[in-house]
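*Asks:* Taking the working numbering, I'd label the letters of the sequence shown as residues 73 to 534.
Backbone N, C-alpha and C fix where the C-beta goes; we use that ideal spot for every residue, glycine too.
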Amino acid sequence: MQPRIVVTGTDSGVGKTTITLGLMASYKKKGKRVQGYKCGPDYIDPTFHRAITKRTSHQLDTWMTSSEWVRQTFINGSNDADLSIIEGMMGYYDGRSALSDEGSTYEISKILAAPSLLVINISGAARSAAAMVRGFQLLHSDSTIKGVILNQAGSSGHAELCKSAIEQLCQIPVVGYLKTGDTPTLPERQLGLISALQDGEYDRLIEQLSVTVEKQFDLDLIDKIASEAPVIPPPQDEVNYSSPAKEKVKIGVAYDEAFHFYYEANLDLLRQAGADLCYFSPLKGESIPADCDGLYLGGGFPEEYASRLSSHPLLFKQLKEAVIDQTPIFAECGGYMLLCESLRLTSEKTYPMAGIIPHHIQMNETLSAIGYREVNIVEDSILGKKGTKLRGHEFHYSSIRSHEEVNPCFQYDSWGKNEFQGYLEGSLVASYIHLHFASNPLVVKNIINACSEYKKKRSNLI
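Here is the structure:
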């Protein structure tokens, strides 16, 4: 058996994350081994999941990867789990395009034959709540929606009114509800997550949330729905995304409170291909691990720790030396910002960064970029040959304030406009885009090969 449930919704902000976390915590308290997943490219919600389940939460994204990858990732991650809870993205049918189901929670639930619970906001509604549910049932006759969760109920009586209408008109059970003001306010996704995880506030909020869920949700019914999901047969030919290299290489990975936004799949693929990943903390000023054959500088919150990061000139010196020495380096988003000249906060305070990339970064109050990206490599690099296609996602609040002309690493189409982004110099590739290595299996092989060549060169010099 592979019990699994999808928590989806009518749209963004309807309460999917809150309800997902409440269910995870409630089933965890019951002694179940809960495995989390997140539909789409988000790398923040999986961090919330992991804090509760104590297991790595995986992204499931068909546009950046493939249906085979999604199926394989789920099977591998859920092998020893009692219950898998998959958090949807945006609305149930929202994905890459408004004209297709590609990348949507609906598509992923079909690939995994996973029953879905639809979260709806019933504020100010009664019988009309049934019309909302019915519309989601009818858009695709093969929808996986098997239950409904009511959010923003005015009272228990209000929830009961909507429940009776939905169950009569839609022939589907309402499995739980939350009233307005029922749940604690979770930390701001971009800014409050790390501090909440550190000081224990998050644990207190989740305990409060789980108590409410246990009172107002039919956990036995949800468990029954999850258990009725059919067994997913293993792929006949398991997709081989990375073959072990002949020789091990050592890759330093920046990982701490300021840098922790990685697609776990990327790290797994590097390990499978023969990389020994050695973690270090730029925030603590830790030195780059000795004898590294490459560096991976991921995303995160460098702006939240700009003052501390700027106080580590020795680390900046080591990074500069690594670039001069042609060490293969891949930096994305926060890692890219770390390598720039300076970082200016919304408070107007400016902090020096490593000074390797001649860009000055400005933090903004609003999003500067968000969305999927399919990029072409502009020139041969550690990631691949010129013209190699890769897919990823961009999400950041910063922008380039001033910069010199540089060699970009990526080209992509943005609403019909040809755009260039990032920085390519020698063995350094850096940009705002979070690439998913499973979008092109060659990228892992190319990184490992670049690290192997550097290792040989370094050995010959000793």
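What's the C-alpha gap between Gly285 and Ser156?
*Replies:* Residue identity check: residue 285 is Val in the sequence provided, not Gly. One C-alpha to the other measures close to 17 Å.
*Asks:* Would Ile428 and Val395 qualify as a contact pair, given that the criterion is a beta-carbon distance under 8 Å?
*Replies:* Yes. Within cutoff.
*Asks:* What distance in whole Å lies between the Cβ atoms of Phe482 and Gln493, which are believed to be in contact at a cut-off of 8 Å?
*Replies:* Confirmed, about 5 Å.
*Asks:* Assuming Phe48 contacts Ala330 under a Cβ cut-off of 8 Å, what Cβ separation, rounded to an integer in Å, is found between them?
*Replies:* Outside the shown range of the chain, which is 73 to 534, sits residue 48, and nothing can be said about it.
*Asks:* Pull up the distance between the alpha-carbon of Ile116 and that of Ser172, whole angstroms please.
*Replies:* Cα to Cα, the separation comes out at about 25 Å.
*Asks:* The beta strand (DSSP E) with Gly272 in it runs from where to where?
*Replies:* Element bounds for Gly272: n/a, residue is neither H nor E.
*Asks:* Could you tell me the alpha carbon to alpha carbon distance between Tyr335 and Glu179, rounded to whole angstroms?
*Replies:* Cα-Cα distance, rounded: 21 Å.
*Asks:* Compute the distance between the beta-carbons of Leu242 and Ala185, then report whether it is under 8 Å.
*Replies:* Before going on, a small fix: residue 242 reads as Cys here, not Leu. In this structure, Ala185 does not lie closer than 8 Å to Cys242 by Cβ.
*Asks:* If you run the structure through DSSP and keep just helix, strand and coil, what is Phe146?
*Replies:* Phe146 falls in the helix class under three-state DSSP.
*Asks:* Using 10 angstroms around the beta-carbon of Leu250, count the other beta-carbons present and answer buried if the total reaches 16, otherwise exposed.
*Replies:* With 16 or more Cβ atoms within 10 Å of its Cβ, Leu250 is classed as buried.
*Asks:* For Ala225 versus Ala198, is the C-beta spacing smaller than 8 Å?
*Replies:* Not a contact, by the Cβ cut-off of 8 Å.
*Asks:* DSSP state of Val450, grouped into three classes?
*Replies:* Coil at Val450, not helix or strand.
*Asks:* Taking 8 Å as the threshold, find out whether the region 517-531 comes into contact with the region 340-360 through three or more Cβ pairs.
*Replies:* Yes: at least three Cβ pairs fall under 8 Å.
*Asks:* Would you say the beta carbon of Ala97 comes nearer than 7 Å to a heavy atom of the ligand SAM?
*Replies:* You won't find the ligand SAM in this model; it holds no ligand whatsoever.
*Asks:* Considering just the uninterrupted stretch of the alpha helix (DSSP H) at Gly207, what are its terminal residues?
*Replies:* Gly207 -> alpha helix (DSSP H) spans Ser200 to Leu211.
*Asks:* Which class does Ser227 belong to by DSSP, given the choice of helix, strand or coil?
*Replies:* Note: Ser227 maps to coil in three-state DSSP.
*Asks:* Is it buried or exposed for Glu466, if we count other Cβ within 10 angstroms and need 16 for buried?
*Replies:* So Glu466 counts as buried.
*Asks:* Pull up the distance between the alpha-carbon of Tyr469 and that of Glu376, whole angstroms please.
*Replies:* Computed Cα separation, rounded: 12 Å.
*Asks:* Taking just the CA atoms, how far does Ser228 sit from Lys287?
*Replies:* Cα-Cα distance, rounded: 12 Å.
*Asks:* Under 8 Å between the Cβ atoms of Val450 and Lys458?
*Replies:* Result yes, Cβ atoms of Val450 and Lys458 sit closer than 8 Å.
*Asks:* Let's test the definition: count the other Cβ atoms within 10 Å of the Cβ of Trp487 and tell me whether it reaches 16, buried, or not, exposed.
*Replies:* Exposed is the call here.
*Asks:* Taking 8 Å as the cut-off, does the region 137-148 touch the region 161-177 (at least 3 CB pairs, one atom from each stretch)?
*Replies:* Contact fails: fewer than three Cβ-Cβ distances are below 8 Å.
*Asks:* So if DSSP puts Ala186 in a beta bridge, which residue, or which two residues, is it bridged to?
*Replies:* For Ala186, which the question treats as bridged, DSSP gives no partner whatsoever.
*Asks:* Across which residues does DSSP place Tyr351 in a beta bridge pair?
*Replies:* DSSP lists Val325 as partners of Tyr351.
*Asks:* Looking only at its chain, what residues have a beta carbon closer than 8 Å to the beta carbon of Val142, apart from the 5 residues adjacent to it on each side?
*Replies:* Contacts found: Leu132, Asp133, Thr134, Ile180, Ile183 and Leu184.
*Asks:* Apply the 10 Å Cβ neighbour rule to Arg76 and answer buried if 16 or more other Cβ atoms are within range, or exposed otherwise.
*Replies:* The residue is buried, with at least 16 neighbouring Cβ atoms inside 10 Å.
*Asks:* Around the Cβ of Asn338, are there at least 16 other Cβ atoms within 10 angstroms (buried) or fewer (exposed)?
*Replies:* Buried, because 16 or more other Cβ atoms sit within 10 Å of the Cβ of Asn338.
*Asks:* Could you please give the first and the last residue of the uninterrupted alpha helix (DSSP H) stretch that includes Pro385?
*Replies:* Residues Pro385 to Ile396.
*Asks:* What residues in its chain sit with their C-beta under 8 Å from that of Ile360, if we drop five residues either side in the sequence?
*Replies:* Counting only Cβ-Cβ distances below 8 Å, and skipping sequence neighbours, we find Gly324, Phe352, Leu367, Leu387, Gln390, Leu391 and Ala394.
*Asks:* Please identify the residue among Lys527, Ser383, Pro400 and Ser84 whose C-alpha is closest to the C-alpha of Thr177.
*Replies:* Thr177 has its Cα closest to that of Ser84, out of Lys527, Ser383, Pro400 and Ser84.
*Asks:* To the nearest angstrom, how far is it from the Cα of Pro245 to the Cα of Lys126?
*Replies:* About 31 Å.
*Asks:* Rounding to the nearest angstrom, what Cα-Cα distance links Ala268 and Ile304 in this structure?
*Replies:* A caution first: Ala268 carries a pLDDT of 47, below 50, which makes its placement in the model unreliable, though a value can still be read off. Those two C-alpha atoms are separated by around 37 Å.
*Asks:* Grab the span of the beta strand (DSSP E) containing His432 for me, first residue to last.
*Replies:* Per DSSP, His432 belongs to the beta strand (DSSP E) from Ile429 to Met435.
*Asks:* Closest to Ile442 by C-alpha separation, out of Ala97, Gly103, Arg105 and Gly112, would be which residue?
*Replies:* Measuring from the Cα of Ile442, the nearest candidate turns out to be Gly112.
*Asks:* Taking the beta strand (DSSP E) that Ala403 belongs to, which residues open and close that run?
*Replies:* From DSSP, the beta strand (DSSP E) with Ala403 extends over Ile401 to Glu404.
*Asks:* Take Thr92 and list the residues in its own chain whose beta-carbon comes closer than 7 Å to its own, dropping the five residues that flank it on each side.
*Replies:* The residues are Val79, Ile157 and Glu159.
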